[in-house]
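Asks:
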Amino acid sequence: MASMRDIKRRKESVQSTGQITKAMKLVSTVKLQKARGRAERSKPYFDRLYETIVQALARSGNIQHKYLTAGSSPKKAIIVISSNRGLAGGYNSNVIKLVTRGEFKKEDVVIYNIGTKGLDAFKREGYEIKADYSDVIESPLFSDAIHIGADVLKAFIEGEVGEIYLAYTAFKNTVTHVPTLRQLLPVDSSIVEDAMADHTPMNYEPGEDEALNIIIPKYLNSLIYDGLIEAVASENGARMQAMDNATNNAEEMISDLTLLYNRARQGSITQELTEIIAGASAIS
Amino acid sequence: MADKNFRLEVISPDRVFYEGDVEMIEFSSTDGDLGILAGHVPLTTTLEPGILKIHEQGGVMKKAALHSGFVTILPKTVTILAEVVEWPEEIDINRANEARIRAERRIKSPAEEGGVDVLRAELALKRAIARINILK
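Respectively, the protein sequence lines represent chains W and D.
First residue of the first sequence? That's 1205 in the numbering used here, and the numbers climb one at a time after it.
First residue of the second sequence? That's 49 in the numbering used here, and the numbers climb one at a time after it.
(1) Quick check: D:T37 and W:A1260, are their CB atoms within less than 9 Å of each other?
(2) Does D:F118 have its Cβ less than 9 Å from a Cβ in chain W?
(3) Using a Cβ cut-off of 9 Å (strictly closer), state whether D:M49 contacts chain W.
(4) Go to D:S203, then tell me how far its alpha helix (DSSP H) extends in each direction, as first and last residue.
(5) In chain W, which residues lie less than 9 Å from D:D62 when you measure between Cβ atoms?
(6) Taking a cut of 9 Å between CB atoms, which residues from the stretch 1256-1289 of chain W lie near chain D?
(7) Quick one: give me the first and last residue of the alpha helix (DSSP H) that W:A1274 is part of.
(8) So what's D:G117 in DSSP terms, helix, strand or just coil?
(9) If you compare alpha carbons, which of W:I1481, W:S1488, W:R1242 and W:R1305 is closest to W:Y1331?
(10) For W:Q1445 and D:R175, I'd like the C-alpha separation in whole angstroms.
(11) Nearest to W:R1240 by CA position, among W:S1438, W:D1448 and W:Y1465, is which residue?
(12) So, is the C-beta of D:V89 closer than 9 Å to a C-beta in chain W?
(13) Please determine, among W:L1291, W:S1287 and W:K1238, the residue with the shortest C-alpha to C-alpha distance to W:T1225.
(14) If we define contact as Cβ-Cβ less than 9 Å, is W:A1415 a contact residue for chain B?
(15) Mark W:T1474 as exposed unless 16 or more other C-beta atoms lie within 10 angstroms of its C-beta, in which case mark it buried.
(16) Roughly how many angstroms lie between the CA atoms of D:L194 and W:I1350, to the nearest whole one?
(17) Any contact between the stretch 1463-1483 of chain W and the stretch 1217-1237 of chain W? By contact I mean 3 or more CB pairs, one from each, below 8 Å.
Written out as structure tokens, the structure is:
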């Protein structure tokens, strides 16, 4: 049986870990609230843009546009959003698995990475990492999304990559986060089907083609921005859950250790008493 | 007679900037300045950095600096999706002045040939001028 002092030391160490995880949980909760607020504020913009683009595509029919057809290059750009910090349960590994366990061939993938956890994992696996924007994930701005969007779009236009994907964790609610792989370019024309019913005529100034030239990159940026803020919310949600579990486990361990400690204390008292009695009876 | 007002929504990525019934709006598009009244033909157009003037009912006019984005105009509703839009009181005049000087310098002595930097500086200059004008 472990000595009283060992058990006590163990208990104290678990206790301080429990305090840390509890504090981290509280911090994540606050960050989650903030991230959720931001996600909600950006939703109207995102929805409207989506509507506009769907309608624009529906009206333009089957036109051939450079953003609507895949490039000839077999390479696929994947923007992967993970986090800079760990201790968030399966959050990072789930989003990384989307790429490593997906149907992509390693040679065909070009990674645009956001989040140092993802960077480490892809380096280890030997993926081609084209760019890293890990510093934006702490508090993503719309201008960051524009910047990233411009980079991937350039690669698409110059024919370096044929398709662009976004791998991120969608935020459904506080406890449900879904790792999601989304095709950004070419724009998936199946989204158009539902909008076909709407036949309000629309003029484009400048021409339809040019309007698409301008609107699609904006759509791309807003999808990336949406991905970023949802990822931040999911990260904090995942960390909150992980830390909640850790705190509960710590409490459980503390109660087990307290029991053990008391048993050991009682044992040592009993032993001492037996020794005293034995000593006293030896004298008499 | 149809209603003379129409619904205006100005939405940026981080907030719903403006929402309400208005009589007329004016803004700069890539093809020139536009004034929109109710019952306009459907039109989608892209924006130039400039001033958005919102004429509300009862002759009240509000101004905002509007940079990059596009507008969807339908007879009864107008939706402006702006990447950046600011009320005058949110603009820092000193910063705008500095940005203007910086942009002008860059246009006069381009660091490298190729035109990308000049284009970017021209856009920055337009934004700075829009910000400065709105405060005048």
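Here a beta-carbon is modelled for each residue, glycine too, at the ideal position from N, C-alpha and C.
Computed from a predicted model, the values in this text were never measured in an experiment.
Replies: Taking the structure as given:
(1) Summary: the structure shown does not reach residue 37 of chain D, with chain D confined to residues 49 through 184, and so no result is reported for it.
(2) Here residue 118 of chain D corresponds to residue number 70 of the second sequence, with the count starting at 1. D:F118 counts as touching chain W.
(3) What you label residue 49 of chain D is simply residue 1 of the second sequence in a count that begins at 1. Here the model assigns D:M49 a pLDDT of 41, short of 50, so the residue's position is not dependable and the matter cannot be decided.
(4) The structure shown has nothing for residue 203 of chain D, since chain D only spans 49 to 184.
(5) Within the second sequence, numbered from 1, the residue matching residue 62 of chain D stands at position 14. Under the 9 Å cutoff, chain W gives R1242, R1245, S1246, Y1249, L1345 and F1346.
(6) T1256, Q1259 and A1260
(7) Working through the first sequence from its first residue, we reach residue 1274 of chain W at position 70. No alpha helix (DSSP H) contains W:A1274, which DSSP labels as neither H nor E.
(8) Within the second sequence, the letter at position 69 stands for residue 117 of chain D. In the structure shown, D:G117 sits in a strand (DSSP, three-state: E or B).
(9) Numbered from its first residue, the first sequence carries residue 1331 of chain W at position 127. It is W:R1305 whose Cα lies nearest to the Cα of W:Y1331.
(10) What you label residue 1445 of chain W is simply residue 241 of the first sequence in a count that begins at 1. What you label residue 175 of chain D is simply residue 127 of the second sequence in a count that begins at 1. Distance between the alpha carbons of W:Q1445 and D:R175: 44 Å.
(11) Numbered from 1 along the first sequence, position 36 holds the residue referred to as residue 1240 of chain W. Measuring from the Cα of W:R1240, the nearest candidate turns out to be W:S1438.
(12) If you number the second sequence from 1, residue 89 of chain D lands on position 41. Interface residue, yes.
(13) As a position in the first sequence, residue 1225 of chain W is number 21, starting the count at 1. Nearest C-alpha to W:T1225: W:L1291.
(14) This model lacks chain B altogether; the protein chains it does include are W and D.
(15) Taking the first residue of the first sequence as position 1, residue 1474 of chain W is located at position 270. That one is exposed.
(16) Outside the displayed range of chain D (49 to 184) lies residue 194 of chain D, so it cannot be described from this structure.
(17) no
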